[in-house]
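Shown next, in structure tokens, is the structure this report addresses.
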Amino acid sequence: MATGTHTWSCPTCGRRVPRRMGTCHCGTTRERAEAVAAGGAEASRAPRPASRARRPSRGRSAPLPRDVKAILAGMALVAVAAVGWLAVGPRPEPVAPVLGFVDPGPPPAPTPAPPPTPAFKLPWWK
Ligand SMILES: [Zn+2]
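Here the sequence shown stands for residues 6 to 131, numbered as in my numbering.
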């Protein structure tokens, strides 16, 4: 059933292998895969209540181990601290100069220079 037109699927690793390849990367041969597929199809037809009863229900999950709880608590603490830092953190400081560059700001306004006084009276021939 899992065998496509151009591929067959390996029952060991689940990989889809091209039909021209007789052996999967994991070493399973195509004949073995077909035998397993035929056996699995036969077995799936037969009811197996014992294995169905042993299957754990998906609704309830096992309680988390203590270390996982500690990690989750630490992550929650860090998240709360980060949100608090963003809310009431210090004001942003001016950016430090990189590679010695300091923006001097706009240049000072030029002071109006007095009109140049001539070294001699013009016109000089009068
Ligand atoms: Zn395989």
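Think of the CB as a built atom: it goes at the ideal place given N, C-alpha and C, for glycine as much as any other residue.
Straight across, the Cα-Cα distance linking Trp-90 with Ala-81 is about 14 Å. Remark: C-beta atoms of Gly-27 and Thr-34 approach each other more closely than 8 Å. Under the three-state reduction of DSSP output, Trp-90 falls in the helix class. Around the CB of Val-100, fewer than 16 other CB atoms lie within 10 Å, so the residue is classed as exposed. In the three-state reduction of the DSSP assignment, Arg-21 falls in the strand class, which pools E and B.
The residue from Ala-86, His-11 and Arg-37 with its alpha-carbon nearest to that of Cys-18 is Arg-37.
Distances between the C-beta of His-30 and the heavy atoms of ligand 1 include at least one below 7 Å.
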